[in-house]
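Data first, discussion second: the structure below is written as structure tokens.
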Amino acid sequence: MDLIRLSLFLAGAWIMRQYILQQNIELFRRQLAGPSDEATHRTLCMLLMSAERDLAYIIADEKGVQPRVSSRWVAGAFSGASERVAEYWRSVQNSAHPYLLLDPGPGLHIVDVNDAYAQATMTNRSAIAGRSLFEVFPDNPADPSADGVNNLFISLQIAAETGRPHEMAIQRYDVRDLRGNFVERHWQPINSPVYDDNGNLICLLHHVEDVTAEVQSRQHRLEQTAAITGPARTQGGANEI
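So the mapping is simple: the working numbering equals the position in the sequence shown, first residue as 1, plus 220.
Here it is in structure tokens:
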């Protein structure tokens with residue numbers, strides 16, 4: 221009986237927390253739509269991102285993106301999976317491009333990653349298999365504007381609900397190095413649903429390409445251009461006056 225009471229209490233607490241976060245998100249969005257000074261706008265943006273991140277964490281943990289699908293995966297193996305899906309993974313397992321296979325059920329547990337993914341994200345393949353996606357890859361706590369968790373979760377939801385691959389915009393999503401320090405990374409992600417022979421969603425394939433060098437190079441060029449054109453524009457404006 222005590223276990224039943226505890227389960228009911230935890231379920232109620234989860235529902236209440238989700239409700240509060242959803243209400244806060246709606247409130248912050250309404251306030252952002254109205255007039256505000258720059259400081260207030262910036263604060264509201266930070267509060268909104270924090271609430272969206274927390275909501276993504278708890279829904280991913282409690283429901284995943286396909287709550288009716290029970291986990292049929294053994295970490296790092298394909299126990300019970302159809303041969304077609306197993307062959308699908310084998311086709312990307314040795315790819316030079318990074319791939320992660322994800323259980324869509326509660327917790328969003330990592331089924332497996334290929335070596336290219338482990339290398340790109342500075343992780344150990346055997347150490348992360350079976351763990352929750354956002355436990356392994358949380359947002360950078362030092363960056364209050366980080367939105368990688370929320371945007372990735374939304375993309376996974378879209379792929380699961382539509383049954384079609386979903387390509388995300390280039391996303392900053394910092395990862396931890398071998399010392400546990402967060403390192404700036406920018407990615408081009410695509411999330412695709414994978415089905416068994418009966419047409420049931422069995423997993424999600426998360427594919428990324430590291431575009432950090434390209435993004436940083438573009439940012440550097442923009443900064444150089446601004447440094448050159450900025451003073452000229454200021455001088456031109458002064459002459460016009």
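Quick reminder that beta carbons are idealized off the backbone N, C-alpha and C, glycines included.
All of these numbers come straight from a predicted model, not from anything done at the bench.
Residue i in three-state terms, based on DSSP
i, result
"residue 412", "strand"
"residue 248", "helix"
"residue 277", "helix"
"residue 319", "strand"
"residue 335", "helix"
"residue 396", "strand"
"residue 311", "helix"
"residue 402", "strand"
"residue 365", "coil"
"residue 391", "strand"
"residue 256", "coil"
"residue 459", "Low confidence applies to residue 459: its pLDDT is 38, below 50, so where it sits in the model is not reliable, and the reading given next is rough at best. Helix at residue 459."
N- and C-terminal bounds of the alpha helix (DSSP H) containing residue i
i, result
"residue 424", "Premise fails: residue 424 lies in the beta strand (DSSP E), 421–430, not in any alpha helix (DSSP H)."
"residue 346", "345–348"
"residue 353", "353–356"
Buried or exposed (CB count within 10 angstroms, at least 16 for buried), residue i
i, result
"residue 338", "buried"
"residue 236", "exposed"
"residue 398", "exposed"
"residue 422", "buried"
"residue 205", "In this structure the chain extends from 221 to 461, so residue 205 is not present and cannot be described."
"residue 330", "buried"
"residue 284", "buried"
"residue 318", "buried"
"residue 440", "exposed"
"residue 448", "exposed"
"residue 346", "exposed"
"residue 308", "buried"
Whole-angstrom C-beta distance between residue j and residue i, which should lie under 8 angstroms
i, j, result
"residue 315", "residue 336", "6 angstroms"
"residue 380", "residue 286", "5 angstroms"
"residue 394", "residue 371", "Incorrect: roughly 13 angstroms between the Cβ atoms, too far for contact."
"residue 266", "residue 364", "5 angstroms"
"residue 387", "residue 410", "5 angstroms"
"residue 367", "residue 327", "Their Cβ separation, rounded to whole angstroms, is 21 angstroms, which puts residue 367 and residue 327 out of contact at 8 angstroms."
"residue 268", "residue 256", "Rounded, the Cβ-Cβ distance is 13 angstroms, inconsistent with contact."
"residue 271", "residue 241", "5 angstroms"
"residue 369", "residue 385", "That belief does not hold up - the Cβ atoms of residue 369 and residue 385 are roughly 20 angstroms apart, past 8 angstroms."
Touch check for the segment 398–413 and the segment 271–278: three-plus C-beta pairs under 8 angstroms? Between the segment 398–413 and the segment 271–278, the count of Cβ pairs shorter than 8 angstroms is below three; the stretches do not touch.
Check whether the segment 434–441 touches the segment 415–423, taking contact to mean three or more Cβ pairs, one atom from each stretch, closer than 8 angstroms. Touching, no.
Is it a yes or a no for the segment 320–329 touching the segment 423–432, going by three-plus beta-carbon pairs under 8 angstroms? Look at the beta carbons and you see the segment 320–329 touching the segment 423–432: at least three pairs across the two are nearer than 8 angstroms.
Three CB pairs or more closer than 8 angstroms across the segment 242–252 and the segment 342–349: Judged by Cβ distances under 8 angstroms, the segment 242–252 makes no contact with the segment 342–349, as fewer than three pairs qualify.
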